[in-house]
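So the sequence lines, in the order shown, correspond to chains A and B.
Number 260 in this note's numbering belongs to position 229 of the first sequence; there are no gaps in the numbering.
Number 720 in this note's numbering belongs to position 401 of the second sequence; there are no gaps in the numbering.
For every residue, glycine included, the Cβ atom is placed at its ideal position computed from N, Cα and C.
Note that the structure is predicted; figures quoted are calculated from it, not measured.
Accompanying notes for the structure given below.
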Amino acid sequence: MNDTAIDLQEIVKTYKTGSIEVHALRGVSLRIERGEYVAIMGPSGSGKSTLMNVIGCLDRPTSGNYHLDGIDLSSLDDRALAKIRLEKLGFIFQGFNLLPRTDAMKNVSLPLFYAKVAPKERRERARAALAEVGLADRAHHRPSELSGGQQQRVAIARALINNPAVLLADEPTGNLDTTTSEEILELFESLHRKGRTIVVVTHDEEVAERANRIVRLRDGLILSDTPTERGHFLEGSVVPQEATPQS
Amino acid sequence: MYDYIRETLELMQANLTRTILTLVGLVVGVAAIISIQVAAAGMAAAVNGAFRGINVNTFFIFPKSTQGSTQRANLGLSDLTLLEQNVPGVETAIPFGQTRTIVNAGHQHVMLKFGGESYRRFSTAPVVAGHAIERAEVENASPVCVLSSKAYERLFPHAVDPTTVLGQSVYVGPKRYVVVGVLGPATLSTASLGFDINNDVVIPYTTFYNDYQRGRPLFGIQVLGSRDAALATLEANAKRVLSEAHGGSVYQTFDFGFFTKQIDGFFGVVGTLVSAVGAISLLVAGIGIMNILFVSVSERTREIGIRRAIGASRATILIQFFVEAFVLAFSGSLVGMLAGLGIGELAQQLFIARISGTIAALPWTQAILLATLFATIVTLVFGTLPALRAASVDPIEALRYE
Numbered sequence: 032m033n034d035t036a037i038d039l040q041e042i043v044k045t046y047k048t049g050s051i052e053v054h055a056l057r058g059v060s061l062r063i064e065r066g067e068y069v070a071i072m073g074p075s076g077s078g079k080s081t082l083m084n085v086i087g088c089l090d091r092p093t094s095g096n097y098h099l100d101g102i103d104l105s106s107l108d109d110r111a112l113a114k115i116r117l118e119k120l121g122f123i124f125q126g127f128n129l130l131p132r133t134d135a136m137k138n139v140s141l142p143l144f145y146a147k148v149a150p151k152e153r154r155e156r157a158r159a160a161l162a163e164v165g166l167a168d169r170a171h172h173r174p175s176e177l178s179g180g181q182q183q184r185v186a187i188a189r190a191l192i193n194n195p196a197v198l199l200a201d202e203p204t205g206n207l208d209t210t211t212s213e214e215i216l217e218l219f220e221s222l223h224r225k226g227r228t229i230v231v232v233t234h235d236e237e238v239a240e241r242a243n244r245i246v247r248l249r250d251g252l253i254l255s256d257t258p259t260e261r262g263h264f265l266e267g268s269v270v271p272q273e274a275t276p277q278s
Numbered sequence: 320m321y322d323y324i325r326e327t328l329e330l331m332q333a334n335l336t337r338t339i340l341t342l343v344g345l346v347v348g349v350a351a352i353i354s355i356q357v358a359a360a361g362m363a364a365a366v367n368g369a370f371r372g373i374n375v376n377t378f379f380i381f382p383k384s385t386q387g388s389t390q391r392a393n394l395g396l397s398d399l400t401l402l403e404q405n406v407p408g409v410e411t412a413i414p415f416g417q418t419r420t421i422v423n424a425g426h427q428h429v430m431l432k433f434g435g436e437s438y439r440r441f442s443t444a445p446v447v448a449g450h451a452i453e454r455a456e457v458e459n460a461s462p463v464c465v466l467s468s469k470a471y472e473r474l475f476p477h478a479v480d481p482t483t484v485l486g487q488s489v490y491v492g493p494k495r496y497v498v499v500g501v502l503g504p505a506t507l508s509t510a511s512l513g514f515d516i517n518n519d520v521v522i523p524y525t526t527f528y529n530d531y532q533r534g535r536p537l538f539g540i541q542v543l544g545s546r547d548a549a550l551a552t553l554e555a556n557a558k559r560v561l562s563e564a565h566g567g568s569v570y571q572t573f574d575f576g577f578f579t580k581q582i583d584g585f586f587g588v589v590g591t592l593v594s595a596v597g598a599i600s601l602l603v604a605g606i607g608i609m610n611i612l613f614v615s616v617s618e619r620t621r622e623i624g625i626r627r628a629i630g631a632s633r634a635t636i637l638i639q640f641f642v643e644a645f646v647l648a649f650s651g652s653l654v655g656m657l658a659g660l661g662i663g664e665l666a667q668q669l670f671i672a673r674i675s676g677t678i679a680a681l682p683w684t685q686a687i688l689l690a691t692l693f694a695t696i697v698t699l700v701f702g703t704l705p706a707l708r709a710a711s712v713d714p715i716e717a718l719r720y721e
């Protein structure tokens with residue numbers, strides 16, 4: 032049994048824009064264990080979005096190794112990577128990214144559709160997932176008929192429906208007011224308590240402080256990797272390793 | 320798959336005007352091709368039906384007018400017997416002779432077709448009073464006539480019953496003919512071909528010869544083959560027998576297959592033209608559909624990104640857009656098919672039915688197959704590029720896309 036959810040080794044990502052090479056990641060090594068709640072922080076251009084895309088299997092590193100839930104991803108083709116995204120990852124975006132003309136129920140069950148789950152089971156599981164995020168009565172509302180917080184909760188239900196190994200959130204509260212943000216962060220905490228592995232990419236210190244561990248990036252490198260207050264005091268949480276975990 | 324189809328239908332509904340404009344070309348193309356098929360099928364049925372008024376195993380034989388020899392091939396009375404005796408399968412052969420003339424009966428003066436007939440009948444119209452031309456009347460060249468249904472109605476408009484006109488006289492010029500029989504209407508009219516056998520007045524061909532053709536070479540010979548004789552063989556044998564008897568002169572034959580071929584040829588040309596127009600409009604339609612799919616891809620770039628992030632592979636996105644292309648193409652083809660069948664049916668009702676009295680059954684199976692074929696071709700030819708573009712959308716870019 033592998034306890035490591037995410038294992039990045041010397042990840043380098045270089046973009047070419049015309050003749051200029053942009054070094055987005057210059058060698059990032061990071062291990063995230065199962066059940067951790069990690070915030071990745073950094074100013075614009077620090078490479079945190081690129082890291083998020085690499086972790087989310089949307090982008091391939093130029094060099095380095097990436098194991099997700101024990102699977103080596105370096106040799107997988109598009110179809111296999113799509114399957115990894117489908118089965119191992121749940122995405123939550125700043126802009127919610129729900130399908131606009133589709134009701135909450137359909138949005139939530141979309142991953143099950145790609146996973147070729149039968150329609151009846153799709154409906155049942157989507158209903159249960161919506162109930163879990165407190166939106167059972169909004170199942171047939173379209174995104175435009177929901178508030179921002181409700182939309183984000185639909186997105187969370189969608190991210191969770193395939194029971195992924197890692198929940199990946201990109202600025203999940205960026206478009207929300209303080210009260211709603213608080214609701215979403217509480218939802219994250221409760222998910223964390225249930226044993227979910229959560230990675231949040233943010234530049235908001237308050238959001239990051241809710242995690243157990245903060246990884247700070249600057250210029251494509253890890254600047255620091257420290258447990259938060261919460262991480263120290265929360266009972267049962269996994270204490271992260273040192274900033275340079277390579278042995 | 321069902322979800323894709325449903326989603327496409329919702330999209331089409333949401334952009335109804337755009338959808339309609341996109342599909343107009345396809346509808347027109349499919350409708351044109353299918354309606355011409357219906358009309359051609361109807362016309363073919365009408366032509367076949369038209370000849371049913373005359374015995375189908377009939378053909379005409381004429382000296383070939385275009386031969387190089389200075390001497391023109393002749394036909395004479397002796398050739399009638401020659402054909403009847405030397406060509407197996409020939410029931411009877413009579414001089415070809417018909418004229419459009421004024422026929423008088425009492426105060427009625429009517430322009431009718433007037434010609435010879437044998438006791439072995441060329442016409443298939445039923446006898447409703449008296450009898451058809453009889454053998455004795457042919458052998459004696461009797462001055463008798465048989466009226467077809469319309470000739471009877473027009474010459475004797477006040478007659479209460481066909482039997483009442485039997486024994487009455489009709490006149491062509493100074494010549495008098497006694498009515499011995501009246502025919503009912505032939506099952507189908509031949510008016511579409513420029514002659515209506517329901518307007519005929521016939522007399523024994525020998526009488527016709529004596530009164531109008533004597534002293535001149537025959538213009539042609541009309542031959543009736545037995546029911547089971549093969550027409551092509553009959554015609555070939557007849558030409559050969561006549562040629563041998565006339566020192567190698569060349570003869571030509573015509574039968575109703577010749578007319579059928581002419582009409583088929585006409586519809587072939589029309590059909591080709593309409594099909595060409597249809598093909599062009601299908602091309603235009605396909606480009607229109609391709610265009611709208613490209614628009615759809617760029618409008619939904621973000622959506623594609625979301626789907627990819629959630630776990631859709633390139634192949635899945637490709638399929639989704641193919642389904643969309645097919646639903647578009649198929650709905651257009653379907654509407655076009657229904658319109659085509661409708662127009663074809665209307666053409667049959669308004670024109671063909673008036674001529675022939677028949678309406679061919681609508682070729683549903685053929686039309687459905689054709690519409691499906693078009694939809695598939697349009698999808699494959701014009702859906703591929705947009706679907707490929709959709710599949711190649713970079714999810715990272717797409718998610719950043721506003």
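- With respect to chain A, the C-beta atom of GLY597/B has no partner C-beta closer than 8 Å.
- Proximity of chain B to ASN84/A at the Cβ level (cut-off 7 Å) is accounted for by ILE715, in chain order.
- Nearest Cα to ALA359/B within the set HIS565/B, ILE671/B, LEU692/B and THR703/B: ILE671/B.
- Proximity to GLY348/B across GLY597/B, VAL642/B and SER545/B peaks at GLY597/B, based on C-alpha coordinates.
- Annotated three-state conformation of ASN376/B is coil, per DSSP.
- At a C-beta separation below 9 Å, ALA170/A has no neighbours in chain B, since its nearest C-beta there lies roughly 16 Å away.
- Using a Cβ distance threshold of 8 Å, VAL498/B and ILE452/B do not count as a contacting pair.
- Here the region 155 to 167 of chain A makes no contact with the region 194 to 208 of chain A; the two share fewer than three CB pairs at distances below 8 Å.
- For ARG633/B, the C-beta contacts it makes with chain A under 7 Å involve ASP109, in order along the chain.
- Sequence-distant Cβ neighbours of HIS54/A in its own chain, meaning closer than 6 Å and more than five residues away, are THR45 and GLY251.
- For the pair of segments examined, the region 610 to 630 of chain B was found to touch the region 114 to 129 of chain A: the number of CB pairs separated by less than 8 Å reaches three.
- Taking C-beta atoms under 8 Å as the contact rule, ARG189/A and LEU141/A qualify, at a distance of about 7 Å.
- For the region 620 to 651 of chain B, the beta-carbon criterion of a distance under 9 Å to any beta-carbon of chain A is satisfied by ARG621, GLU622, GLY624, ILE625, ARG626, ARG627, ALA628, ILE629, GLY630, ALA631, SER632, ARG633, ALA634 and THR635.
- If you check the CB distance, LEU129/A and VAL164/A do not come in under 8 Å.
- For a Cβ distance threshold of 7 Å, residue set ALA628, PRO714 and ILE715 of chain B lies close to LEU89/A, ordered along the chain.
- Taken atom to atom, the span from the alpha-carbon of VAL457/B to that of ASN393/B is near 24 Å.
- Per the Cβ contact rule, the region 538 to 553 of chain B is in contact with the region 394 to 404 of chain B (3 or more Cβ pairs under 8 Å).
- When GLN487/B, ALA444/B and LEU681/B are compared, the shortest CA-CA separation from GLN667/B is found for LEU681/B.
- The continuous alpha helix (DSSP H) containing GLU152/A extends over residues 150 to 163.
- Boundaries for GLY655/B: no beta strand (DSSP E) harbours it, while the alpha helix (DSSP H) harbouring it runs 633 to 666, taken from the DSSP string.
- Contact between the region 472 to 491 of chain B and the region 423 to 440 of chain B is established, with three or more Cβ pairs separated by less than 8 Å.
- TYR97/A has a beta carbon lying at 8 Å or more from every beta carbon in chain B.
- Counting only unbroken stretches of 3 or more residues, the beta strand (DSSP E) elements lying wholly within the region 87 to 158 of chain A are 94 to 99 and 120 to 123, in sequence order.
- DSSP places LEU199/A in the uninterrupted beta strand (DSSP E) bounded by 197 to 201.
- Between the C-alpha atoms of SER255/A and SER178/A there is a straight-line separation of about 36 Å.
- At a cut-off of 3 residues, the continuous stretches assigned as beta strand (DSSP E) that sit fully inside the region 532 to 616 of chain B are 540 to 544 and 570 to 574.
- Between ASP574/B and THR411/B, the beta carbon gap of about 15 Å keeps them out of contact (Cβ cut-off 8 Å).
- Comparing alpha-carbon positions, the option among VAL593/B, GLY449/B and GLY584/B lying closest to ALA363/B turns out to be GLY584/B.
- ASN96/A and LEU107/A have their alpha carbons spaced roughly 12 Å apart.
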